[in-house]
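Chains as they are written, first to last, in our numbering: chain A, 299 to 410; chain B, 42 to 156.
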């Protein structure tokens with residue numbers, strides 16, 4: 299069955315610390331993977347996407363993610379957290395057809 | 042250009058009433074998606090359209106939910122005999138004809154409250 303799992307519904311990091319948000323998927327076919335961000339009271343916007351080119355993908359606002367087929371993972375990272383990064387982050391996966399499913403989301407809190 | 046629009050932005054209805062939620066996708070986008078966002082539940086897939094056809098309706102929670110798309114453009118999500126558990130934000134997204142790699146563009150959502 300196709301599924302997306304985001305570990306940790308809430309993650310807290312100190313300002314300036316590494317951000318790591320985890321996403322794992324289950325698929326029998328090569329997936330296409332996306333990270334979206336939702337700032338408070340705003341809509342979802344694309345952070346980055348993996349489409350079978352480079353396995354390390356760079357996105358907006360200093361975020362990047364690495365596709366690891368052996369681990370079926372697509373974790374999102376940022377070297378140094380800013381207060382403005384506080385938001386909810388969603389991992390999404392497109393499988394064989396155009397259906398796209400999302401993880402349950404991870405709310406990122408930045409501690410001063 | 043114009044983004045994805047949804048109407049109404051807020052809807053309060055009494056339990057048992059029917060509601061219609063509307064989505065206007067970006068012009069030229071052939072794929073259209075409906076999701077439901079509830080607290081702690083992330084984005085729950087409901088249905089998607091390719092043109093006017095819905096290849097996958099598996100996410101619709103019950104037969105009270107239905108959706109249609111006409112002219113390859115506007116889509117309407119209808120919830121009959123609303124229940125309190127239907128309260129959520131309903132999000133619509135559209136996607137261009139770039140296959141599986143294209144990103145989705147989301148509308149602002151319709152917040153549905155069933156009293």
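Beta carbons: idealized from backbone N, C-alpha and C, even for Gly. Because the structure is a prediction, the values reported are computed rather than measured.
Counted as a single uninterrupted DSSP element, the beta strand (DSSP E) harbouring residue 85 of chain B occupies residues 83 to 91. Within the same chain, Cβ atoms closer than 8 Å to the Cβ of residue 356 of chain A are found at 346, 362, the five residues on either side in sequence being excluded. Of all residues in the stretch 58 to 73 of chain B, those with a C-beta nearer than 8 Å to a C-beta of chain A are 72, reading in chain order.
The closest CA to that of residue 327 of chain A, considering only A:400, A:399, A:392, A:409, is found on A:392.
Residue contact check for residue 358 of chain A against chain B: no CB pair falls below 7 Å. Contact of residue 84 of chain B with chain A by beta-carbon distance below 7 Å involves 388, 400. The residues 135, 136, 137, in chain order, have a CB closer than 7 Å to that of residue 70 of chain B in the same chain once the five nearest residues on each side in sequence are set aside. In the assembly as shown, residue 397 of chain A is a buried residue. Its beta-carbon has 16 or more other beta-carbons within 10 Å.
With a 10 Å radius around the Cβ and a threshold of 16 neighbouring Cβ atoms, residue 367 of chain A comes out exposed. Going by DSSP, residue 348 of chain A is part of the beta strand (DSSP E) stretching over 342 to 348. Around residue 63 of chain B, the same chain offers 47, 48, 115, 117 as residues with beta carbons nearer than 7 Å, after the five sequence neighbours per side are excluded.
In the three-state reduction of the DSSP assignment, residue 408 of chain A falls in the strand class.
The beta carbon of residue 306 of chain A does not come within 7 Å of any beta carbon belonging to chain B, so the residue lies off that interface. Contact annotation: residue 375 of chain A and residue 387 of chain A have beta-carbon atoms that are not nearer than 7 Å. Around the beta carbon of residue 156 of chain B, a 10 Å sphere encloses fewer than 16 other beta carbons of the protein chains shown; the residue is thus reported as exposed.
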